[in-house]
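Protein chains in written order, with the numbering used here: chain A, 2 to 212; chain B, 2 to 212. Glycine is no exception: its CB is placed at the ideal position from the N, C-alpha and C atoms. Everything numeric in this text was worked out from a predicted model, so none of it was measured. What follows is a short report on a single structure.
There are 2 protein chains.
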Amino acid sequence: MELIKHLNWRYATKKYDESKVSEEKIKQIVEAVNLTASSCGIQPYRVFVISDPSLKSKLGEGSFNGQIANCSHLMVFAAFNDVTPDYIETYIQMSENQRNLPNGAMNDFKNALISFFGPNSAEANALWSEKQAYIGLGTALIAAAELKVDSTPMEGFDSKHFDNLLNLSSKGLHTAVVLSLGYRDSENDYLAKMKKVRLPIDKFSISIDDN
Amino acid sequence: MELIKHLNWRYATKKYDESKVSEEKIKQIVEAVNLTASSCGIQPYRVFVISDPSLKSKLGEGSFNGQIANCSHLMVFAAFNDVTPDYIETYIQMSENQRNLPNGAMNDFKNALISFFGPNSAEANALWSEKQAYIGLGTALIAAAELKVDSTPMEGFDSKHFDNLLNLSSKGLHTAVVLSLGYRDSENDYLAKMKKVRLPIDKFSISIDDN
Chain A
2 MELIKHLNWR
12 YATKKYDESK
22 VSEEKIKQIV
32 EAVNLTASSC
42 GIQPYRVFVI
52 SDPSLKSKLG
62 EGSFNGQIAN
72 CSHLMVFAAF
82 NDVTPDYIET
92 YIQMSENQRN
102 LPNGAMNDFK
112 NALISFFGPN
122 SAEANALWSE
132 KQAYIGLGTA
142 LIAAAELKVD
152 STPMEGFDSK
162 HFDNLLNLSS
172 KGLHTAVVLS
182 LGYRDSENDY
192 LAKMKKVRLP
202 IDKFSISIDD
212 N
Chain B
2 MELIKHLNWR
12 YATKKYDESK
22 VSEEKIKQIV
32 EAVNLTASSC
42 GIQPYRVFVI
52 SDPSLKSKLG
62 EGSFNGQIAN
72 CSHLMVFAAF
82 NDVTPDYIET
92 YIQMSENQRN
102 LPNGAMNDFK
112 NALISFFGPN
122 SAEANALWSE
132 KQAYIGLGTA
142 LIAAAELKVD
152 STPMEGFDSK
162 HFDNLLNLSS
172 KGLHTAVVLS
182 LGYRDSENDY
192 LAKMKKVRLP
202 IDKFSISIDD
212 N
């Protein structure tokens with residue numbers, strides 16, 4: 002399977018060389034993330050793609066992850082701070098338009114979503130949104146690998162620092178997770194030649210069949 | 002890009018036909034999930050693959066998701082209830098073995114992990130584990146799509162009911178999210194022919210470059 006080849010090829014790159022990922026490849030990676038699944042299909046996160054070197058430097062200040070400043074492009078997965086009726090309303094309207102359905106055709110679904118998310122705390126909805134962003138993260142690193150672009154998923158950063166620099170709060174967003182993109186510096190990356198470690202498949206997965 | 006084709010092909014299947022996914026394909030899907038990334042690389046979740054019809058029926062009781070009982074195979078992503086020093090110890094030992102490193106070679110990394118996870122509450126570590134499971138979920142649906150296997154990611158289920166039936170608590174696990182696998186019943190699945198709805202790319206993603 003191609004996916005297994007891509008997943009075996011990738012690793013969490015620790016050091017990038019100076020070369021830049023083309024805008025064409027970045028576009029494809031973002032498109033793949035936009036196409037993946039989210040619960041209820043409402044895409045409760047946004048992706049910032051940062052190539053501005055001075056902003057990358059500022060974001061990387063104080064972090065042990067040199068890749069934040071050192072990469073070609075940094076993808077910041079910014080999750081919703083809440084899931085509001087207004088957002089659901091707008092998203093469902095867009096859905097009806099894209100499907101050429103009459104206005105109100107998806108009212109039952111819309112009302113079910115509003116009833117589901119409405120009573121939750123903003124914190125619970127924010128957390129739910131973060132989980133959906135992780136589906137996107139998993140998709141982005143596969144997209145990058147298919148294009149032979151190296152990447153590093155990262156959690157070890159100061160999310161408040163990111164939120165401030167990207168002005169996320171005013172947009173109703175907060176940083177959930179980040180992914181750097183670039184090309185590995187094989188000579189200077191200690192991890193580039195290390196064997197990938199994974200659980201034996203029978204420790205990772207348990208089958209329950211009818212035998 | 003192949004991935005974009007696969008993602009366009011897939012959709013959240015609402016109704017499956019009677020046919021079964023081959024064990025060879027299931028094996029590849031699980032292998033892909035095992036190969037994807039997790040934070041710190043320590044794979045803090047396990048995957049149950051259930052084809053036993055009576056267990057699927059019981060799991061589906063009371064759920065609005067008919068796919069739980071109706072699918073060919075159900076993947077249950079079960080996250081850790083905590084990240085313990087014991088687990089980290091065992092995982093790092095396995096890592097040293099797989100990399101043919103001397104015992105203790107990864108002590109610094111091991112100690113950093115223990116210092117990081119140790120002070121967290123079990124709840125915080127459980128939540129972190131769930132997020133990693135969502136990376137796996139995103140990977141599984143891509144793997145399925147490459148194999149032309151239909152799937153449905155689902156959150157709308159009673160996780161306590163799942164935990165009980167799978168006896169997860171005694172294994173230090175809890176249900177995070179599930180994915181059904183099978184083959185779409187195109188005639189009877191209202192969603193099979195509907196257009197996929199997604200945000201326009203410039204609403205989903207924001208570029209910050211140096212221009």
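| Counting pairs of Cβ atoms below 8 Å between the stretch 151 to 166 of chain A and the stretch 154 to 162 of chain B, do you hit three or more? | no
| request: Determine which residues of the stretch 32 to 52 of chain A have a Cβ less than 7 Å from any Cβ of chain B, and write them out in chain order. | output: E32, A33, N35, L36, T37, A38, S40, G42, Q44, R47, V48, F49, V50, I51, S52
| request: Compute every distance between the C-beta of L114 (chain A) and the non-hydrogen atoms of the ligand GTP, then say whether any falls below 8 Å. | output: For the structure depicted, the ligand GTP is absent and the ligand set is empty, with no information on it obtainable.
| task | Return the residues of the stretch 80 to 92 of chain A that lie within a Cβ-Cβ distance of less than 7 Å from chain B, sorted by chain order. | result | none
| said: Please report the distance separating the alpha-carbon of S96 (chain A) from that of N112 (chain A). | reply: 14 Å
| Is any beta-carbon of chain B found at less than 9 Å from that of Q68 (chain A)? | no
| query | Which value, in whole angstroms, describes the spacing of the CA atoms of V179 (chain B) and V77 (chain B)? | reply | 5 Å
| query | Could you give the residue range of the alpha helix (DSSP H) that holds P154 (chain A)? | reply | Where P154 (chain A) is concerned, there is no enclosing alpha helix (DSSP H), although the beta strand (DSSP E) it sits in stretches over 151 to 155.
| Sub-9 Å separation of L138 (chain B) and I209 (chain A) beta-carbons | no
| query | Looking at the unbroken alpha helix (DSSP H) that takes in S116 (chain A), where does it start and where does it end? | reply | 108 to 118
| Nearest-angstrom Cα distance between I43 (chain A) and L169 (chain B)? | 30 Å
| message | Let me confirm a value: A144 (chain B) is counted as buried when at least 16 other C-beta atoms fall within 10 Å, else exposed. Which label applies? | response | buried
| query | Would you say T14 (chain A) faces chain B, with C-beta separation under 9 Å as the test? | reply | no
| request: Could you pull out every unbroken alpha helix (DSSP H) segment of at least 4 residues lying fully inside the stretch 123 to 178 of chain A, listed in chain order? | output: 123 to 147, 160 to 166
| query | In chain B, which residues lie less than 7 Å from N104 (chain A) when you measure between Cβ atoms? | reply | Chain B residues near N104 (chain A): none, gap ~15 Å exceeds 7 Å.
| field | Whole-number beta carbon distance between L36 (chain A) and I30 (chain B), since they are thought to touch under 8 Å | value | Actually they do not touch by this definition, with Cβ atoms about 19 Å apart.
| task | Using a Cβ cut-off of 9 Å (strictly closer), state whether S206 (chain A) contacts chain B. | result | yes
| field | Beta carbon proximity, L182 (chain A) to chain B, threshold 9 Å | value | no
| message | Alpha carbons only, please: which of B:P201, B:K194, B:F205, B:G183 is nearest the one belonging to I51 (chain B)? | response | B:G183
| query | Is the shortest distance between the beta-carbon of T140 (chain B) and the beta-carbons of chain A less than 9 Å? | reply | yes
| field | Contacts that L4 (chain B) makes with chain A (C-beta to C-beta distance below 7 Å) | value | A33, I143, A144, E147
| said: Can you check which of these residues, A:E90, A:S23, A:D18, A:P45, is closest to I69 (chain A) by C-alpha distance? | reply: A:D18
| query | Among B:R47, B:C72, B:N82, B:N101, which has the Cα closest to the Cα of M195 (chain A)? | reply | B:N101
| task | Check each candidate in B:N165, B:P120, B:G63, B:P54 and name the one with the smallest Cα separation from P86 (chain B). | result | B:P120
| field | Per-residue burial, W10 (chain B) [other beta carbons within 10 Å of its own, 16 or more giving buried] | value | exposed
| Runs of alpha helix (DSSP H) lying entirely within the stretch 20 to 90 of chain A, each at least 4 residues, in chain order | 24 to 36, 54 to 61, 68 to 71
| task | Return the residue from the list B:A146, B:N126, B:E147, B:A106 that minimises the CA-CA distance to G173 (chain B). | result | B:N126
| task | Round the Cβ separation of Y130 (chain B) and L142 (chain B) to the nearest angstrom and send it over; I've been treating them as touching at under 8 Å. | result | Reading off the sequence shown, one finds Ser at residue 130 (chain B), where the question assumed Tyr. Between L142 (chain B) and S130 (chain B) the Cβ distance is about 20 Å, and since that is not below 8 Å, they are no contact.
| When DSSP labels each residue in this structure, what does S96 (chain B) get in the three-state scheme? | helix
| request: Could you tell me the distance, in whole angstroms, from the CA atom of S73 (chain A) to the CA atom of P154 (chain A)? | output: 14 Å
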